[in-house]
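Number 12 in our numbering belongs to position 31 of the sequence shown; there are no gaps in the numbering. First comes the structure, then the notes that go with it.
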Amino acid sequence: MATALDGEVLAYAPRRDDGRLVVPVTITDKSDARTSYEVRVTVREKGATDSATVTTTARNVWPGTTWPTEVVIPHSYAAPAQKLEVMLSATRTAAAH
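Right under this line is the structure:
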């Protein structure tokens, strides 16, 4: 599991779904105000330098709420999902009301 923003954003182990490589992600707003997030999920084979990155957003997440989502990686890795590593980065901004 990869984490960002002190555990507010979590990316779980990748899985294959109908030929696609999918990474489940949860975003939990631990602040006192609605927050927007931009999340970048990068996947690569362990030990390799070639990677694929997908960016997703979650807007106006309410305090204490967890927003589940998933990203589809646009790269057809031949390696089994267990041999892939997931890296995660995220930014948060105050949501516009």
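Beta carbons: idealized from backbone N, C-alpha and C, even for Gly.
I'd like to confirm the pairing. Which residues does DSSP put opposite residue i in its beta bridges?
i	result
Thr(-16)	Leu(-9)
Thr16	Val42, Ala75
Grab the span of the beta strand (DSSP E) containing residue i for me, first residue to last.
i	result
Trp43	Per DSSP, Trp43 belongs to no beta strand (DSSP E) and is neither H nor E.
Asp(-1)	No beta strand (DSSP E) contains Asp(-1), which DSSP labels as neither H nor E.
Tell me whether residue i sits in a helix, a strand or coil according to DSSP, three-state version.
i	result
Ala62	helix
Restricting to Cα atoms, I'd like to know which of the options is closest to residue i.
i	options	result
Ala75	Ser32, Val(-10), Asp10, Ala29	Asp10
Val6	Ala39, Glu26, Ala29	Ala39
Ser32	Thr16, Met(-18), Trp43, Tyr58	Tyr58
Trp43	His56, Ala29, Ser12, Pro55	Ser12
For this session: Report yes or no: do the stretch 4 to 21 and the stretch 54 to 71 share at least 3 C-beta pairs separated by less than 8 Å?
Result: yes
Exercise. Any contact of the stretch -15 to -3 with the stretch 48 to 68, i.e. 3+ C-beta pairs under 8 Å?
Worked result: yes
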